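A.B. asks:
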Amino acid sequence: MNLNDIHLSPQQLAGLYGSSLVELASSTAPMAPAAPPPAATPGAAPAAKQAPAPAVATAFLGQNQKGILVVTADPAAAYLADADLVFLTNVLGACNLGLADVAIVNWAHLDSPGGDALSAELAAKQVLLFGVTPDAFGLPVVFPPFQVQALAGRTYMQAPPLAAISADISQKKALWMALKKMFAV
Numbered sequence: 012m013n014l015n016d017i018h019l020s021p022q023q024l025a026g027l028y029g030s031s032l033v034e035l036a037s038s039t040a041p042m043a044p045a046a047p048p049p050a051a052t053p054g055a056a057p058a059a060k061q062a063p064a065p066a067v068a069t070a071f072l073g074q075n076q077k078g079i080l081v082v083t084a085d086p087a088a089a090y091l092a093d094a095d096l097v098f099l100t101n102v103l104g105a106c107n108l109g110l111a112d113v114a115i116v117n118w119a120h121l122d123s124p125g126g127d128a129l130s131a132e133l134a135a136k137q138v139l140l141f142g143v144t145p146d147a148f149g150l151p152v153v154f155p156p157f158q159v160q161a162l163a164g165r166t167y168m169q170a171p172p173l174a175a176i177s178a179d180i181s182q183k184k185a186l187w188m189a190l191k192k193m194f195a196v
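Take a look at the structure:
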C-alpha cells in the first residue's frame with residue numbers, strides 16, 4: 012500500500028485529531044428572551060453597564076504550535092476538502108512540519124474576516140494563503156503567487172487553491188520552491 016493512496020474518512024480524521032478539532036456552537040439554538048430592564052427607583056444610583064461579551068475565538072484545525080497560519084477559501088468544507096488536507100499534510104511533511112504546527116482557517120467561514128486581526132489572534136509568524144489574495148486578506152501590498160513576502164514582522168506566501176496546485180506539476184514545483192525558501196528546508 013502506497014502512503015499517497017491512503018484516504019481517511021471524516022470520522023477517522025476526527026478520531027485522530029479529536030483533541031485539536033474545534034466545533035463551534037450551533038447558531039440555530041433557541042435563545043432565551045431577554046429580561047426586561049429593572050425599573051429605576053428615584054434617588055438610586057444608575058446600574059453599572061455590563062462589559063461587552065468577549066469576542067469568540069477563531070476556530071481552526073491544528074494546534075498552531077509553531078505559529079504558522081494556513082488560510083484556505085472553500086465554502087463547501089469546514090476547513091478544507093479531504094483531498095486538499097491529504098495534499099497539504101504531504102506538503103507540510105516535506106517541510107518537516109505537521110498539522111500540530113499549523114492553524115488552518117477557512118476564510119470563507121469567518122464572520123468578519125480581517126487578515127491582520129486573524130494573524131495577531133493566532134500569533135502567526137508565517138502565513139500561507141491558498142485561494143485568498145493578499146488584497147482580500149487585507150495586506151497593503153500585492154505580490155504574485157509563490158513569492159515569499161516579508162511584511163510587518165510576518166512572512167507571507169500566496170498561492171492558488173490547493174486543489175489547483177495538486178493537479179498541476181508546475182504549480183507543485185513553484186510551491187515547493189517557495190516553501191523551501193520560507194521554511195529554510
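Heads up, the sequence shown is in this note's numbering, so the first residue is 12 and it goes up one at a time. From the three backbone atoms N, C-alpha and C, an ideal C-beta is built for every residue, glycine too. Since the model is a prediction, treat every value here as computed from it, not as a measurement.
(1) With A175 as the anchor, note down where its alpha helix (DSSP H) starts and where it stops.
(2) In this structure, how does DSSP classify M193 when only helix, strand and coil are distinguished?
(3) Rounded to whole angstroms, what is the Cα-Cα separation between G109 and T83?
(4) Confirm, please, whether the CB-CB distance from L173 to L91 is below 9 Å.
(5) For D95, count neighbouring C-beta atoms within 10 Å of its own C-beta (all shown protein chains included) and say buried if the count is 16 or more, exposed if not.
(6) Confirm the yes/no value for this check: CB of G126, any heavy atom of the ligand FAD, distance under 8 Å.
(7) Distance, Cα to Cα, M168 vs M193?
(8) If the criterion is Cβ atoms closer than 9 Å, does the pair P151 and L162 meet it?
(9) Residues in its own chain within less than 8 Å of E132 by CB, not counting five upstream and five downstream?
(10) In the DSSP assignment, find the unbroken alpha helix (DSSP H) run with A131 in it and report its ends.
(11) Looking only at DSSP bridge pairs, what is L139 linked to?
(12) Among residues of its own chain, excluding the 5 on either side of R165, which ones have a beta-carbon nearer than 8 Å to its beta-carbon?
(13) Terminal residues of the continuous beta strand (DSSP E) containing N117?
(14) Considering Cα atoms alone, identify which of F98, N117, G78 and L80 is closest to P86.
(15) My output table needs one value for Q182: the three-state DSSP class, helix, strand or coil.
C.D. replies: Judging by the given coordinates:
(1) L173 to S177
(2) helix
(3) 17 Å
(4) yes
(5) buried
(6) Among the ligands in the structure shown, none appear at all, so the ligand FAD cannot be discussed.
(7) Each residue's Cα considered, the two are about 8 Å apart.
(8) Yes.
(9) A68 and T69
(10) G126 to E132
(11) V81 and M168
(12) S130, A135, K136, Q137 and V138
(13) Per DSSP, N117 belongs to the beta strand (DSSP E) from V113 to N117.
(14) N117
(15) Secondary structure of Q182 (DSSP, three-state): helix.
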